[in-house]
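Trainee: Each residue of the sequence shown is one higher than the one before, counting from 734 in this note's numbering. Where is the CB? At the ideal position from N, CA and C, for every residue including glycine.
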Amino acid sequence: IEKGRFIRRSEPKIIVEEIKRLSGTERGKLTAVERLKDAGEYAIPFMLDAMADDSRQNELPNIIWALPQISRPAIRPLVAALQTENVAVKAEIIKALGKIGYPQSLAYLKYTVEKDSSDELRNLAAASIKEIDPAAAKTSAAELFFQLAENYYYHSQSLAPAEDANFANVWFWDSARKLPVRQEVDKSYFNELMSMQCCEWALKADP
734 IEKGRFIRRS
744 EPKIIVEEIK
754 RLSGTERGKL
764 TAVERLKDAG
774 EYAIPFMLDA
784 MADDSRQNEL
794 PNIIWALPQI
804 SRPAIRPLVA
814 ALQTENVAVK
824 AEIIKALGKI
834 GYPQSLAYLK
844 YTVEKDSSDE
854 LRNLAAASIK
864 EIDPAAAKTS
874 AAELFFQLAE
884 NYYYHSQSLA
894 PAEDANFANV
904 WFWDSARKLP
914 VRQEVDKSYF
924 NELMSMQCCE
934 WALKADP
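1. Taking the C-alpha atoms as reference points, what is the distance between Trp-934 and Tyr-922?
2. Rounded to whole angstroms, how far is the Cβ of Phe-739 from the Cβ of Ala-909, which I believe are closer than 8 Å?
3. Within a Cβ cutoff of 6 Å, which residues of the same chain sit near Glu-864, ignoring the five residues on either side of it in sequence?
4. For Ile-734, count the other beta carbons within 10 Å of its own beta carbon; 16 or more makes it buried, fewer makes it exposed. Which is it?
5. Which whole-angstrom value is the C-beta distance of Ser-861 and Lys-828, which I expect to be below 8 Å?
6. What separation, rounded to the nearest whole angstrom, lies between the Cα atoms of Pro-745 and Arg-915?
7. On a CA-only basis, which of Ile-747, Asn-902, Ser-788 is nearest Arg-809? Give me that one, please.
8. Establish whether the CB of Tyr-885 and some CB of chain B are separated by less than 8 Å.
9. Would the beta-carbon of Lys-920 be found less than 7 Å away from any heavy atom of the ligand MN?
10. Check whether the Cβ atoms of Ile-777 and Leu-815 lie closer than 8 Å to each other.
11. Name the residue from Lys-920, Arg-760, Tyr-844 whose alpha carbon lies nearest to the alpha carbon of Ser-872.
12. Any idea if Thr-817 is buried or exposed, counting beta-carbon neighbours within 10 angstroms, 16 or more meaning buried?
13. Once the 5 residues before and after Glu-917 are set aside, which same chain residues still bring their CB inside 7 Å of it?
14. Can you give me the start and stop residues for the beta strand (DSSP E) that Asn-884 sits inside?
15. To which residues of the same chain is Ala-875 closer than 7 Å at the C-beta, ignoring the five residues directly before and after it?
16. Which of helix, strand or coil does DSSP assign to Glu-917?
17. So, Asn-941 versus Leu-755, is the Cβ gap smaller than 8 Å?
18. My assumption, with CB atoms under 8 Å, is that Met-780 sits in contact with Leu-800. Please give the rounded CB distance.
19. Which residue marks the beginning of the beta strand (DSSP E) containing Asp-907, and which one marks its end?
20. Out of Cys-932, Pro-836, Leu-793, state which residue places its alpha-carbon closest to the alpha-carbon of Val-822.
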């Protein structure tokens, strides 16, 4: 049953249909967002792809509305997608992370504040940090990444991957496809890999 549920919630065809359904009737919109929440992290690349598609601008307000409602499962692919060069999409990712409100986003948002060339994006990232934890504004991105690395290393329950699969996903940015992509890894060393990834970002923030 769990395997069947996982296959259904991660099925690309169903996810694409539900994203389109967000712009249908009010009842269809509410059903679609519930199914996208169920799809969790798997929905994010498809939602971002639709947001970047100029031919789907009429759908944009509904996708933006739905994005933060995916909640915590959306964070890992969303923070990977902060490497996008699409300023409009990046702005919506930053705002969504603030609305989702989990501290695991803080390091990536502070990195944007410290490193991004756009005043608008730096200001949005600072505002999202205040939504999550105003005190974090005084901490460097490198330190926040180090703290996040430690939390992964000590297997913090708030960072645990989804339980309905026998693997976990580590997310990366694919600059050619302009989308976050996932690498399936064994759950037994997922936390250690994420800890290493956070250490890498800490060094990028402050060599």
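Mentor: Short version:
1. 19 Å
2. Incorrect: roughly 28 Å between the Cβ atoms, too far for contact.
3. Gly-831
4. By the neighbour-count rule (16 or more Cβ atoms within 10 Å), Ile-734 is not buried but exposed.
5. 7 Å
6. 14 Å
7. Asn-902
8. The chain inventory of the structure shown lacks chain B, comprising one protein chain alone.
9. As presented, the structure is devoid of all ligands, the ligand MN included, so that no description of it is given.
10. No, these two residues do not count as a Cβ contact at 8 Å.
11. In the sequence on display, residue 872 carries Thr and not Ser. For the residues Lys-920, Arg-760, Tyr-844, the minimum Cα distance to Thr-872 belongs to Tyr-844.
12. buried
13. Phe-900, Asn-902
14. From DSSP, Asn-884 is part of no beta strand (DSSP E) but of the alpha helix (DSSP H) over 874-886.
15. Ala-935, Ala-938, Asp-939
16. In the structure shown, Glu-917 sits in a strand (DSSP, three-state: E or B).
17. Here the chain covers residues 734 to 940 and nothing more, so residue 941 does not appear.
18. 6 Å
19. 900-907
20. Of the candidates Cys-932, Pro-836, Leu-793, the residue whose Cα lies closest to the Cα of Val-822 is Leu-793.
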